[in-house]
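Undergrad: Under UniProt numbering, think of the first position of the sequence shown as 1, with each following residue one higher.
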Amino acid sequence: MTSYRISRASASDAGRLTALMQESAAYQGEYASILDGYQVTEDYLATHPAYVAHAQRDVVGFYSLIEYPAELDLLFVADSAQGTGIGAWLVEHMLGQAAELGMTEVRVVSHPPAAGFYERMGARRVGVVPPNPPKIAWERPELVFDVKHPPRG
């Protein structure tokens, strides 16, 4: 049985996270332009809450947040780990981190095929972000997660 863990991303993860993102089958074909030349940099990881899911020594997913205004900036799961629950686990972890940071909601501008996943995880659709050519030639669903805070006491 494979064991998984989530840890805070470090500068040394930048290359592996960029590779995982660039290799994603979800961003091939018509959606490839949005990631063209995009890299997860050491500076990005130093300035954004970012977390990595590991299976033994392999990176199988990651996410990052923008703190203000609160937004899920990146969430990727390795193609080989799709359907294993890693994505749901990352979203649950993200919502816990958002609560710790005092966020009341987290915005998601979704990759169109991923919108249903976010809705199944509890996000609600609030609108559509229009295309922004040339890199983004399609509308993107806009969703919001409400962040639940544990009772104090």
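Think of the CB as a built atom: it goes at the ideal place given N, C-alpha and C, for glycine as much as any other residue.
As the structure is a prediction and not an experimental result, all values here were calculated from the model.
Find out if the Cβ-Cβ distance for the pair Gly87, Phe117 is shorter than 8 Å.
TA: yes
Undergrad: What residue range is occupied by the uninterrupted alpha helix (DSSP H) comprising Ile86?
TA: 86-100
Undergrad: Within the continuous alpha helix (DSSP H) that includes Gly116, where are the two ends?
TA: 115-120
Undergrad: Please check if any C-beta of chain B sits within less than 8 Å of the C-beta of Leu35.
TA: Although the question refers to chain B, the structure presented lacks it and comprises just one protein chain.
Undergrad: List, from N- to C-terminal side, the beta strand (DSSP E) runs of 3 residues or more that fit wholly inside the UniProt domain "N-acetyltransferase" (4-150).
TA: Counting only runs of 3 or more, we get 4-8, 50-55, 58-66, 71-77, 105-109, 124-129, 140-146.
Undergrad: Using a Cβ-Cβ cutoff of less than 8 Å, which residues in the same chain neighbour Asp36 once the five nearest sequence positions on both sides are dropped?
TA: Lys135
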